[in-house]
Amino acid sequence: MKILTRNVGQPNPAHIDSYLVNEGYMALPRVLREMSPEDVIDEIKISRLRGRGGAGFPAGMKWDFASRDRRTPKHIICNADEGEPGTFKDRVIIEYDPHALLEGMAIAGYAVGATRGFIYIRGEYPEGARILERAIRQAEARSFLGRNILNSGFDFVITVHRGAGAYICGEETALIESLEGKRGQSRIRPPFPVNVGYRNLPTVVNNVETLANVAPIILRGGSWYAGIGIAECPGTKLFSISGNVEKPGVYELPMGVPLRELIFEHAGGITGGRNFKAAFPGGASSGCLDASELDVRMDFNSLAAAGTMLGSGAVVVLDETADMVKAACVFTRFFEHESCGKCTPCREGVYWVRQIMENILQGRGSEADLDLLLDICDSIRTTSFCGLGEASVNPIVSTIKKFRDEYLAYIHAGSQERTALGEAS
Amino acid sequence: MSADVTLEDVREELEREPEEVLDLAPVYRIIESHREMKGMLIPILQEVQQVYGYVPEEAANLAADLMGIYRSQVFGVLTFYTQFHLTPRGRHIIRACSGTACHVRGGKTVINRLETVLGIGHGETTEDRFASFEKVACLGACGLAPVIMIDNDAHGQLDPLKTDRIIEALKEMDSMRRAD
Ligand SMILES: Cc1cc2nc3c(=O)[nH]c(=O)nc-3n(C[C@H](O)[C@H](O)[C@H](O)COP(=O)(O)O)c2cc1C
Ligand code: SF4
Ligand code: FES
């Protein structure tokens, strides 16, 4: 079933004419002519569409909250920051189907009463930003965006904002700070952006993939969508799969597809016929799964039950030759670098965790370090101000739990070397 | 006892090339093109960087003054985001991914090769200003691992040999452009 990738492979897919032949801009006129904002929100609620940016929050509920707040002007922000290491799926929508995103944003705007939209795109996607700007001009020329859309009296203007290089700006409140021209540091939540967002006004922040689902839901109905995948999180999902697989790439599959099927049927199995060792199912922020967990289903609830998370659906696969301690350390360096510095547990904690990890890798660790790591990680997880710090410890905690022997190998090799050198500790 | 200022110093001072004066007109133009300035600091600084290749201190100060905000606010923003640069950079920006997906597909060998052929490490610029080199966390093209980005273009599925060829082609293009 192809919903989000239906236009991939068409000639000139990003052009408005290609979009129009495939039911493009059919949902927006229907919404404007036949539906009230409440109808639109109800339809999205019936679809049970959940946010694809990582948290899986029900989109209909988010729109409802923003629509109930009477203060204006309201804003729709499309989160195209796509910074989670291992994620490259929003890029596919942006490059191959930008109009699906624009149409979804306009419908969201109508539903919540917003007149202005921003697309916050990561700085590493300059081509994507150009494609979006071109698509916006094409849509404006045909009155699908801009003032008085299709003579309905509804105004909706979209601006593209290019990120300047900060992973934390994918977090919705940091993103808003950044849009306001400030350092991208997270705000306290609550209040949530639906009430106090851009310029302290009601704001909906949705991921690219979430918004790209909107027009098809309106056209075919919420109950059609709710019947795809699994009941608690319906629909298809874009999985970015990378690492040691034969065919890395983006795959659109029903929510809840087993990890084994994703890796071995769709992504062509492990490179060079080697064995599977582990996968991070939701990028750097997720805990790893080992070979005994290959049958887990890839959806928000199943992965949470397995002690990890779906996040943005970035599956990083490692084969039997992978070094789990090094892999966890690479992720930790990333979080240390990307910590926004606002709160102590994350800013200082992740720094120390990384130091201990490097020590272990250099053969200077001890078994007590593993307990120390888990202890610090627990403090970081429970006391960090935002999701970055909270999730930063997942790779370490999960690898210590599931691949403790690899940590011990470094520790014991190091202590043997020290004994041999006559400086036994 | 030695003099604080020797004749040698004076001679050097006299012979030194006059420092290039920075043309700040583009900053005025950029600011003027943003009629609604509130919240536009980041796009404005991005445009300034587009013009100069980096954000010169004088340009940042001028932007702050024209926008009526504190200079410290502008520097706070400039130093927060990794894509802003306060010193001149190479004519080409080469970014290599050191993320996990690239790492497990030989990203390290590509990075090592780049550092060797360019003769510089992370965050450095070649003496002839040909290129600046950076290691980054993930370029969002993990399906093509290992990946590097040269200016606005991603190059994927690299190995040291392909890396050599890409850099050679870039050097050739660069010298042709400079000859024009
Ligand atoms: C550290 C951090 C980084 C995030 N990065 C992204 C991102 O790159 N893209 C995204 O859509 N959501 C990201 N999120 C989630 C957003 O905060 C937010 O939940 C999401 O954009 C809401 O949209 P949705 O409901 O459609 O998923 C991130 C969250 C955190 C804590
Ligand atoms: S958890 Fe990290 S990223 Fe989040 S506010 Fe604290 S320092 Fe910033
Ligand atoms: S890990 Fe290298 S591009 Fe994502």
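Chains as they are written, first to last, in the working numbering: chain D, 9 to 433; chain X, 92 to 271. We treat Cβ as the ideally placed atom computed from N, Cα and C, and that holds for glycine.
By the 9 Å beta-carbon criterion, what residues does the region 192-220 of chain X contribute toward chain D?
Ala192, Cys193, His194, Val195, Arg196
Along chain D, in chain order, which residues have C-beta atoms closer than 8 Å to that of Thr173/X?
Ala172, Gly173, Ala174
Report the CB separation of Thr231/D from Ile54/D in whole angstroms; it is logged as a contact under 8 Å.
Here the sequence assigns Ser to residue 231/D, which means Thr is not the residue at that position. With 8 Å as the limit, Ser231/D and Ile54/D qualify as a contact, their Cβ atoms being about 6 Å apart.
Any contact between the region 314-333 of chain D and the region 236-256 of chain D? By contact I mean 3 or more CB pairs, one from each, below 8 Å.
yes
Cβ contact (3+ pairs, closer than 8 Å) linking the region 194-206 of chain D and the region 36-52 of chain D:
no
Is it true that the CB of Arg268/D sits closer than 7 Å to the CB of Asp307/D?
no
Cβ-heavy atom distance between Gly190/X and ligand 3 below 6 Å?
yes
Could you give the residue range of the alpha helix (DSSP H) that holds Pro224/D?
222-228
Are there 16 or more other CB atoms within 10 angstroms of the CB of Ser406/D, so buried, or fewer, so exposed?
buried
Expressed to the nearest angstrom, what Euclidean distance is found between the alpha-carbon atoms of Met92/X and Glu215/X?
With a pLDDT of 46 at Met92/X, under the threshold of 50, the modelled position of that residue is not reliable, and the figure given next carries that caveat. Straight-line Cα distance between these residues: approximately 41 Å.
Bridge-paired residues (DSSP) for Val325/D
Gly251/D, Ala287/D
Compare the beta carbon distance of Arg99/D and Gly234/X with 7 Å and say whether it is the shorter of the two.
no
If we call anything under 7 Å between Cβ atoms a contact, is Gly61/D one with Ala67/D?
no
Taking 6 Å as the line, does the beta carbon of Thr340/D fall inside it for any heavy atom of ligand 1?
no
Between Ala122/D and Pro81/D, what straight-line distance do the alpha-carbon atoms span, to the nearest angstrom?
6 Å
Sequence-distant residues of its chain with Cβ nearer than 7 Å to Gly315/D (five each side left out):
Gly295
Based on the DSSP secondary-structure assignment, which residues constitute the bridge partners of Leu246/D?
Glu260/D
Let me check you understand the geometry: is the CB of Leu230/X closer than 6 Å to at least one non-hydrogen atom of ligand 3?
yes
Reference Ala116/D, options Met43/D, Gly281/D, Arg41/D, Ile84/D, closest by Cα:
Ile84/D
Does Met92/X come within less than 7 Å of chain D when only Cβ atoms are used?
In this prediction, Met92/X scores a pLDDT of 46, lower than 50, which makes its location untrustworthy; the coordinate-derived value is nonetheless stated afterwards. Chain D, which has no Cβ nearer than 7 Å to the Cβ of Met92/X, makes this no.
Mind checking whether Tyr143/X and His176/X have CB atoms under 7 Å apart?
no
Are the C-beta atoms of Gly234/X and some chain D residue less than 7 Å apart?
yes
For Met240/X, list the residues DSSP reports as bridge partners.
Arg186/X, Ala245/X
So, are the CB atoms of Leu140/D and Pro106/D less than 7 Å apart?
yes
State the Cα-Cα distance for the pair Glu398/D and Gly357/D, rounded to the nearest angstrom.
11 Å
N- and C-terminal bounds of the alpha helix (DSSP H) containing Tyr118/D
106-120
For Phe7/D, is the beta carbon positioned less than 6 Å from some heavy atom of ligand 1?
Nothing can be reported for residue 7/D, as the shown portion of chain D is limited to 9 through 433.
Could you check what DSSP says for Tyr33/D in three-state terms: helix, strand or coil?
coil
Please tell me whether Tyr119/X has its Cβ less than 7 Å away from any Cβ of chain D.
no
In angstroms with no decimal places, state the Cα-to-Cα distance between Val401/D and Gly395/D.
11 Å
Only counting runs of 3 or more residues, tell me where the beta strand (DSSP E) segments fall wholly within the region 163-215 of chain D, in order along the chain.
165-170, 211-215
Name the chain X residues that come within less than 9 Å of Thr95/D, Cβ to Cβ?
Cys229, Gly231, Cys233
Could you tell me whether any Cβ in chain D is nearer than 7 Å to the Cβ of Leu132/X?
yes
Could you give the distance in angstroms between the alpha-carbon of Arg14/D and the alpha-carbon of Val238/X?
27 Å
Return yes when the Cβ of Gly189/D is within less than 7 Å of the Cβ of Gly130/X, no when it is not.
yes
Quick one: which chain X residues come within Cβ less than 9 Å of Pro256/D?
Ala192, Arg196, Cys233, Gly234, Leu235, Ala236
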